[in-house]
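In what follows, a structure is listed as structure tokens, so that the remarks can point back to it.
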Amino acid sequence: MLNKYAFIDRDGVLIFEPEDTKQIDSLNKLKILDGVIPVLKQLIVDDYKLIMVSNQDGLGTTSFPRTNFDIVQDKLLDNLKKKGIKFYRIFICPHLPSNNCSCRKPETGLIKEFLLVKPMDKARSFMIGDRDSDKQFAKNLGIKFYQTNTNSSFPRLAELERNTNETKIFTQLNLDGIGNYNIDTGIKFFDHMLEQIAKNSLIDIDIKCTGDLSVDEHHTVEDVGLALGATINKALTNKKGINRYGFLLPMDEALAEVAIDLSGRPFLVWNAKFKREKIGDIPTELFEDFFRALSNNLQANIHINIRYGRNEHHMAEAIFKAIGRTLRQAIENDPRQKNLITSTKGIL
Ligand SMILES: [Mg+2]
Ligand SMILES: [Zn+2]
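Under this note's numbering, the first residue of the sequence shown carries the number 515, and numbering increases by one thereafter.
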């Protein structure tokens, strides 16, 4: 059985990293960053093993005595434990760059042996970090990298496995991504459209679907819509701080109007007529099924209108690009309402 690992950098990602010394060596400097707790909790529920990997320059020398590190690290682990979060393994490189050790990120010497004993599921494992050394570390391990900005809130990640007799789907995404994607549904034109959602929403999206395409494309398209909607909804958690609404209009000679409200109430309005039976390898009637499935599991109100257009490839693409853009607006955190919910009801 392969393990799912979430490798996580510590300083600037889990906890605040002082801009001057970069060293967290006393309790008053310890601050867990926003969003860390809910995401780590969910990862544990989803069977991820949390692995902390950190470079601590000169740890154990007079410039950074061990006790100063330990007092902070112990308190951090204790605070996390109180929230039900336990790291499965913690790997610390205490060296300086000039030591040329094999355990300082991006080198993987610290965890090589561990991975031999407890091998990982590379498709599902990932690294979260704020530096190029973290990115290169992920590359050296052959896994995905989720980039954060130093001392920003923790990336809103979620994954989902959805298996039926008709389709087997794995999705993983990062709402606070840069629009990276790795999408394979077995329907080429559909992949091309889903990539538009990733690019335009800046959500990093992984989708792997193995569906019963020998029967028809319908199950695959609809189930991917259900899975994608559910995963985005899961990553939004309590929807605190989000804009909630998004809307958009133009695109080449085709005009697509898309509006979205992450209201918690699914409803799709679909006014888009296609004359062609198929575009590429996807039946055009399935676009509506996809958006209805997405709306249902994202629990969102989505309005889609194609006002006019000539080229149906463009019309389809306009819709998917626009949904990406509207999603980007709606999921974005508004700094002015950090811990507030955009509703007089108090929930979404
Ligand atoms: Mg860091
Ligand atoms: Zn080292």
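By construction, the Cβ of each residue, glycine as well, lies at the ideal position given by its N, Cα and C atoms. Only a predicted model underlies this, so the values are computations on that prediction, with no experimental measurement involved.
According to DSSP, residues forming a beta bridge with residue i
i	result
phenylalanine 521	Ile565, Met641
asparagine 785	Asn819
aspartate 534	In DSSP, aspartate 534 forms no bridge with anything.
proline 869	Outside the displayed span of the chain (515 to 862) sits residue 869, for which this structure offers no information.
glycine 760	Ile774
glycine 725	Thr681
Whole-number beta carbon distance between residue j and residue i, since they are thought to touch under 8 Å
i	j	result
alanine 844	isoleucine 756	7 Å
glycine 739	lysine 713	Wrong, their Cβ atoms sit about 18 Å apart, outside the cutoff.
serine 809	leucine 782	4 Å
threonine 685	isoleucine 721	5 Å
glycine 700	leucine 727	5 Å
aspartate 523	isoleucine 538	Not really, about 13 Å apart at Cβ, beyond 8 Å.
proline 532	lysine 518	The pair is not a contact, with the Cβ atoms about 32 Å apart (cut-off 8 Å).
Proximity winner among the options, relative to residue i (alpha-carbon distances)
i	options	result
phenylalanine 703	Ile683, Thr734, Glu673	Thr734
valine 527	Ser666, Lys543, Thr622	Ser666
arginine 670	Lys787, Thr581, Ile551	Ile551
phenylalanine 601	Gly572, Arg645, Lys555	Lys555
leucine 594	Gly700, Gly549, Leu800	Gly549
methionine 566	Lys789, Asn679, Met641, Glu846	Met641
aspartate 561	Phe583, Asp592, Asp635	Asp635
isoleucine 625	Thr664, Asp848, Phe605, Lys649	Phe605
glycine 823	Asp588, Asp592, Asp848, Ala786	Ala786
serine 577	His609, Ile719, Asp592	His609
Straight-line gap, residue i to residue j (C-alpha atoms, nearest Å)
i	j	result
leucine 769	phenylalanine 834	12 Å
lysine 597	cysteine 607	27 Å
serine 639	lysine 563	9 Å
isoleucine 546	glycine 778	30 Å
serine 857	arginine 806	24 Å
glutamate 767	methionine 707	18 Å
isoleucine 816	lysine 536	45 Å
leucine 590	asparagine 819	50 Å
tryptophan 784	glutamine 851	32 Å
leucine 541	isoleucine 558	27 Å
asparagine 688	threonine 662	11 Å
proline 611	glutamine 570	10 Å
lysine 619	glutamine 710	33 Å
glutamate 680	threonine 724	9 Å
asparagine 677	alanine 741	10 Å
lysine 507	leucine 762	This structure cannot speak to residue 507, because the chain is shown only from 515 to 862.
leucine 655	cysteine 617	13 Å
isoleucine 585	glutamate 731	57 Å
valine 729	isoleucine 599	44 Å
tyrosine 695	tyrosine 660	12 Å
Residue i and residue j closer than 9 Å at C-beta
i	j	result
alanine 652	glycine 643	yes
leucine 674	lysine 792	no
isoleucine 683	aspartate 737	yes
alanine 744	glycine 760	no
phenylalanine 628	arginine 645	no
threonine 878	glutamate 831	The first residue shown for the chain is 515 and the last is 862, placing residue 878 beyond what the model contains.
glutamate 771	alanine 836	yes
leucine 812	leucine 854	no
isoleucine 697	aspartate 705	yes
arginine 758	leucine 862	yes
phenylalanine 804	phenylalanine 788	no
serine 715	glycine 794	no
leucine 750	proline 633	no
Near ligand 4: residue i beta-carbon under 8 Å from a heavy atom
i	result
glycine 623	Ligand 4 is absent from the structure shown, which contains only ligand 1 and ligand 2.
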